[in-house]
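Participant:
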Ligand code: SF4
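Residue numbers (the numbering used here): 23 to 179.
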């Protein structure tokens with residue numbers, strides 16, 4: 023039985039691609055072997071080597087440094103997804119502030135959670151449940167990101 027409590031990755035994928043969200047939720051997990059994902063994981067594991075404190079909120083691992091959450095992303099090109107993922111983690115953790123580190127761009131961004139964000143996320147959560155409850159994935163729609171996606175061969179191969 024698959025969980026219907028969305029993970030923070032599922033929030034990000036909702037904003038990137040609904041097809042990817044469906045595959046990821048249904049454990050069609052090419053993600054672990056894909057080069058981009060491996061690189062991201064290595065960076066994530068080494069970035070806060072000395073001071074990282076990962077805690078679980080439900081099933082969701084969250085990096086906490088004091089009162090701040092920290093999220094590490096490759097670049098700002100997926101900014102909207104990164105923002106909403108971090109805001110979701112603020113929502114479930116009750117923390118006030120999150121810092122997103124874009125390691126390739128060498129930039130950081132500090133965010134908070136507004137009432138509008140909360141409303142948007144609540145809507146997104148309902149839609150995510152509807153998408154992942156479908157029997158089949160939503161039809162893929164080609165976008166710039168697809169070439170970097172681990173599901174490219176399934177969608178367009
Ligand atoms: S290849 Fe493109 S359409 Fe297919 S899952 Fe990835 S992002 Fe979505």
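In this text, a Cβ means the ideal position worked out from N, Cα and C, and glycines have one as well.
#1: I need the DSSP call for residue 50, collapsed to helix, strand or coil.
#2: Could you check whether the stretch 163-170 touches the stretch 23-37, counting it as contact only if at least three pairs of C-beta atoms, one from each stretch, sit closer than 8 Å?
#3: Residues near the ligand SF4, CB to any non-hydrogen atom under 5 Å, in chain order?
#4: If you check the beta carbons only, do residue 132 and residue 122 fall under 9 Å apart?
#5: With DSSP collapsed to three states, give me the class of residue 129.
#6: Following the continuous beta strand (DSSP E) through residue 120, name the residue where it begins and the one where it ends.
#7: Which residue or residues does DSSP assign as beta-bridge partners of residue 95?
#8: In chain order, what residues of the same chain lie with their CB nearer than 6 Å to the CB of residue 127, ignoring the 5 residues before and after it?
#9: If you follow the alpha helix (DSSP H) that residue 135 is part of, which residue opens it and which one closes it?
#10: Taking residue 120 and residue 142 to be in contact with their CB atoms under 8 Å, please state how far apart those CB atoms are, rounded to whole angstroms.
#11: I think residue 33 touches residue 100, with their Cβ atoms under 8 Å apart; what is that distance to the nearest whole Å?
#12: Here's the rule I'm using: 16 or more other beta-carbon atoms within 10 Å means buried, otherwise exposed. How should residue 155 be labelled?
#13: Measure from the alpha carbon of residue 171 to the alpha carbon of each residue in 43, 151, 92, then state which is nearest.
Facilitator: In terms of the structure at hand:
#1: Translated into the one-based positions of the chain shown, residue 50 becomes position 28. Coil, per DSSP.
#2: no
#3: 39, 41, 42, 162, 168, 171, 173, 174, 177
#4: Position 110 of the chain shown, counted from the first residue, corresponds to residue 132. Position 100 of the chain shown, counted from the first residue, corresponds to residue 122. A contact, by the Cβ cut-off of 9 Å.
#5: Taking the first residue of the chain shown as 1, we reach residue 129 at position 107. Of the three classes helix, strand and coil, the one that applies to residue 129 here is strand, per DSSP.
#6: By 1-based counting over the chain shown, the position of residue 120 is 98. From DSSP, the beta strand (DSSP E) with residue 120 extends over 119-124.
#7: Taking the chain shown and counting its residues from 1, the one referred to as residue 95 is at position 73. According to DSSP, which records beta bridges pairwise, residue 95 is partnered with 124.
#8: Your numbering for residue 127 matches position 105 in the chain shown. Same-chain partners within the cutoff: 97, 98.
#9: In the chain shown, residue 135 corresponds to position 113, counting from 1. From DSSP, residue 135 is part of no alpha helix (DSSP H); its letter is neither H nor E.
#10: Indexing the chain shown from 1 puts residue 120 at position 98. Indexing the chain shown from 1 puts residue 142 at position 120. Rounded, the Cβ-Cβ distance is 16 Å, inconsistent with contact.
#11: Your numbering for residue 33 matches position 11 in the chain shown. Your numbering for residue 100 matches position 78 in the chain shown. About 12 Å separates the two Cβ atoms, so there is no contact after all.
#12: Along the chain shown, one-based indexing puts residue 155 at 133. The residue is exposed, with fewer than 16 neighbouring Cβ atoms inside 10 Å.
#13: Reading the chain shown from its first residue, position 149 is the one you call residue 171. The option with the nearest alpha carbon to residue 171 is 43.
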